[in-house]
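Shown next, in structure tokens, is the structure this report addresses.
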Amino acid sequence: MIIPILVRHLIKHKRSNIDLICRRMASNQSSKYLISNSIYKPFLTDLGLEEENLGVFDGKWFANGQVIDSINPSTNEPIARVRQGSQEDYNRIVESSQNAFQYWSTIPAPKRGDIVRQIGDELRSNIQSLGKLISIEMGKILPEGVGEVQEFIDICDYAVGLSRMYEGKILPSERPGHVLMEQWNPLGIIGIITAFNFPCAVFGWNQAIALACGNVTLWKGAPTTPLTSIATTKIVERVLKRNNLPGGLSSLICGGSDIGISISKDKRIPLVSFTGSTNVGKQVALTVHERFGKTILELGGNNAIIIMDDADLTLAIPAVFFAAVGTAGQRCTTARRLIVQEGIYDEVLTGLGRAYKQIESRIGEPFEKNILYGPLHTKQAVDLYEKTIEQIKKSNGHIYYGGEVYKERKGNFVQPTIVTELKHDSPIVHQETFAPILYVLKCKTFEEAVQWNNEVNQGLSSSIFTNNPEYLFKWIGPNGSDCGIVNVNIPTSGAEIGGAFGGEKHTGGGRESGSDSWKQYMRRSTCTINYSKQLPLAQGIQFA
242 MIIPILVRHL
252 IKHKRSNIDL
262 ICRRMASNQS
272 SKYLISNSIY
282 KPFLTDLGLE
292 EENLGVFDGK
302 WFANGQVIDS
312 INPSTNEPIA
322 RVRQGSQEDY
332 NRIVESSQNA
342 FQYWSTIPAP
352 KRGDIVRQIG
362 DELRSNIQSL
372 GKLISIEMGK
382 ILPEGVGEVQ
392 EFIDICDYAV
402 GLSRMYEGKI
412 LPSERPGHVL
422 MEQWNPLGII
432 GIITAFNFPC
442 AVFGWNQAIA
452 LACGNVTLWK
462 GAPTTPLTSI
472 ATTKIVERVL
482 KRNNLPGGLS
492 SLICGGSDIG
502 ISISKDKRIP
512 LVSFTGSTNV
522 GKQVALTVHE
532 RFGKTILELG
542 GNNAIIIMDD
552 ADLTLAIPAV
562 FFAAVGTAGQ
572 RCTTARRLIV
582 QEGIYDEVLT
592 GLGRAYKQIE
602 SRIGEPFEKN
612 ILYGPLHTKQ
622 AVDLYEKTIE
632 QIKKSNGHIY
642 YGGEVYKERK
652 GNFVQPTIVT
662 ELKHDSPIVH
672 QETFAPILYV
682 LKCKTFEEAV
692 QWNNEVNQGL
702 SSSIFTNNPE
712 YLFKWIGPNG
722 SDCGIVNVNI
732 PTSGAEIGGA
742 FGGEKHTGGG
752 RESGSDSWKQ
762 YMRRSTCTIN
772 YSKQLPLAQG
782 IQFA
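Positions 242 to 785 (this note's numbering) are the ones given, in order, by the sequence shown.
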């Protein structure tokens, strides 16, 4: 058909117009997706991605739901499209997961650990490509995207060791000829629902530990980061195939809230790990607990940093800057409140303002050099930022720095913002806004600062900057911070994988990653074994 069209144009137009006609025809046939762009195509295709990708995996890739675009928040251009899963697809992968668990749970734990080791090695081989994908799909700067993959690798290393170390106890029995012991066994299918801000690492926290403990995983990532979910699963798939393991060990379904509801209601899934907002997490918890299932909840955080007048400000100000501005304020551990003792308030505010001004020249797309600050994830997040700024002004707050949207940019860029002159208990200060807005508050005493830290609903992360041992030990003690993460002289964000990660109160109480978080992925049985020829009863009861 193309040749006759060109012939007709040759007859009607001068030959000099042919090139223009061909260019227009080629332009009409070219893809609108970034995956066809020479900048992005190499690493996206290395990850096994195409212009349209199937979003369900249970050993085979398939999908029968609606098709959505994945958007680059730096430019609001589509990266590629994904066909999501349907309810029928969901039921199929649950059955595949059940079958996989029957096999996987019988494999010795150290051998399971070796598979997790291989997953970590496969991630190492793809760390740059996957990190780049995370950066363009979520919006975080490239070092943070690569760092997120590194976090998955680190937890794989941790889980390998765990596979040879998790243990029950042998306890003294009061009855002769008896042994009292604890036995830990896997739960089954672990439902993992993750958020957009860490589209790879949070899944890794859960999967590495869950697999080492003998479980299988069923993952629903955020609807706005489906390509990261697919690419990460393809990396895991390579390891499963090399070892002739069923794909149901690491099932994936891309979808919306309907799939999340199905996971929450499904009695075949004994544990649901949910990361997201407090409001949605509450609904997940109610639904899962109604069927007496278990949850790990990683919800919101209205995190505070306290700076006492004896603090080293050369540490404190850069730490606040990183905690408040990093990932454009979209970490659950982002610092949203800064509580400063009155004697150094002006000095801290001035120093922080200088740091914020320096970032103006370092805002941009993830792949640009020397970038520290990227976009918000969606246009809806920009709208929320603008509404919050309006509410701050109506509440008589002062915009000390920022407060504007970068409307000249194609992406979802907003100014990092410092707010002063609001009371510590103002409703807007107590409201978590997932944006780079920092409320600076002036306190008089250590006791007042701790009270303000604890008065919000959430209890995820907290930090104090001080060189006073009395403040330090009170801060980490029973009457100090009520958060799950209690830091001294470091930011609220940037947790290591070796410790348990999670928070208290409306943050949900769940714990993931290191320490003894593995216990949440297993069921504990207390076993009493009688190897005698008598039947003594506990507490000396006689029943004869």
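For each residue, glycine too, the CB sits at the ideal point set by N, CA and C.
| query | result |
| --- | --- |
| Kindly indicate the opening and closing residues of the beta strand (DSSP E) around Ala-451. | No beta strand (DSSP E) holds Ala-451; the alpha helix (DSSP H) holding it covers 442-453. |
| Among His-419, Ala-690, Gly-541, whose alpha-carbon lies nearest the alpha-carbon of Leu-682? | Ala-690 |
| Identify, in the order they occur along the chain, each residue of the same chain with its Cβ nearer than 6 angstroms to the Cβ of Ala-565, setting aside the five sequence neighbours on each side. | Ala-576, Leu-679 |
| According to DSSP, Ile-280 sits in a beta bridge with which residue or residues? | Its beta-bridge partners do not exist; DSSP assigns none. |
| Please confirm whether Ile-232 and Ile-396 have their CB atoms less than 7 angstroms apart. | Shown here, the chain extends from 242 to 785; a query on residue 232 therefore has no answer. |
| Exposed or buried, which one is His-787 when buried takes at least 16 other CB atoms within 10 Å? | Given a span of 242 to 785 for the chain in the structure shown, any question on residue 787 remains unanswerable. |
| Quick one: grab the DSSP three-state call for Ile-717. | coil |
| In whole angstroms, what separates the C-alpha of Asn-708 from that of Arg-752? | 29 angstroms |
| Leaving out five residues on either side along the sequence, give the residues of the same chain with a beta carbon under 6 angstroms from the beta carbon of Ile-360. | Cys-397, Val-477, Val-480 |
| Leaving aside the five residues before and after Gly-289 along the sequence, list all residues of the same chain whose C-beta is less than 6 angstroms from its C-beta, in chain order. | Lys-475 |
| What's the call for Gln-448, buried or exposed, on a 16-neighbour Cβ count within 10 Å? | buried |
| Once DSSP output is grouped into helix, strand and coil, what is the label at Gln-369? | helix |
| Could you tell me which uninterrupted alpha helix (DSSP H) segments, each at least 4 residues in length, are contained entirely in the segment 671-728, listed from first to last along the chain? | 687-695, 710-716 |
| Starting from Ser-498, follow the alpha helix (DSSP H) in both directions and report where the run begins and ends. | 498-506 |
| For Phe-533, I'd like the list of residues in its chain whose CB is within less than 8 angstroms of its CB, leaving aside the five on either flank, ordered along the chain. | none |
| Looking at the unbroken alpha helix (DSSP H) that takes in Phe-563, where does it start and where does it end? | 554-566 |
| For Val-248, which three-state DSSP category applies? | Below a pLDDT of 50, predicted positions are generally treated as unreliable, and Val-248, at 34, falls in that range; the measurement from the model is reported next regardless. Reduced to three states, the DSSP call for Val-248 is helix. |
| What does a CB cutoff of less than 7 angstroms around Gln-599 pick up in its chain, not counting 5 residues either side in sequence? | none |
| If you count every other CB in all the chains shown that lies within 10 Å of the CB of Ala-472, and 16 or more means buried, which is it? | buried |
| Cβ of Cys-441 within 7 angstroms of Cβ of Phe-393? | yes |
| What do you get for Gln-699, buried or exposed, if any count of 16 or more other CB atoms within 10 angstroms of its CB means buried? | buried |
| Does Pro-607 pass the burial test, meaning 16 or more other C-beta atoms within 10 Å, or should it be called exposed? | buried |
| State yes or no: is the C-beta of Asn-544 within less than 7 angstroms of the C-beta of Thr-574? | yes |
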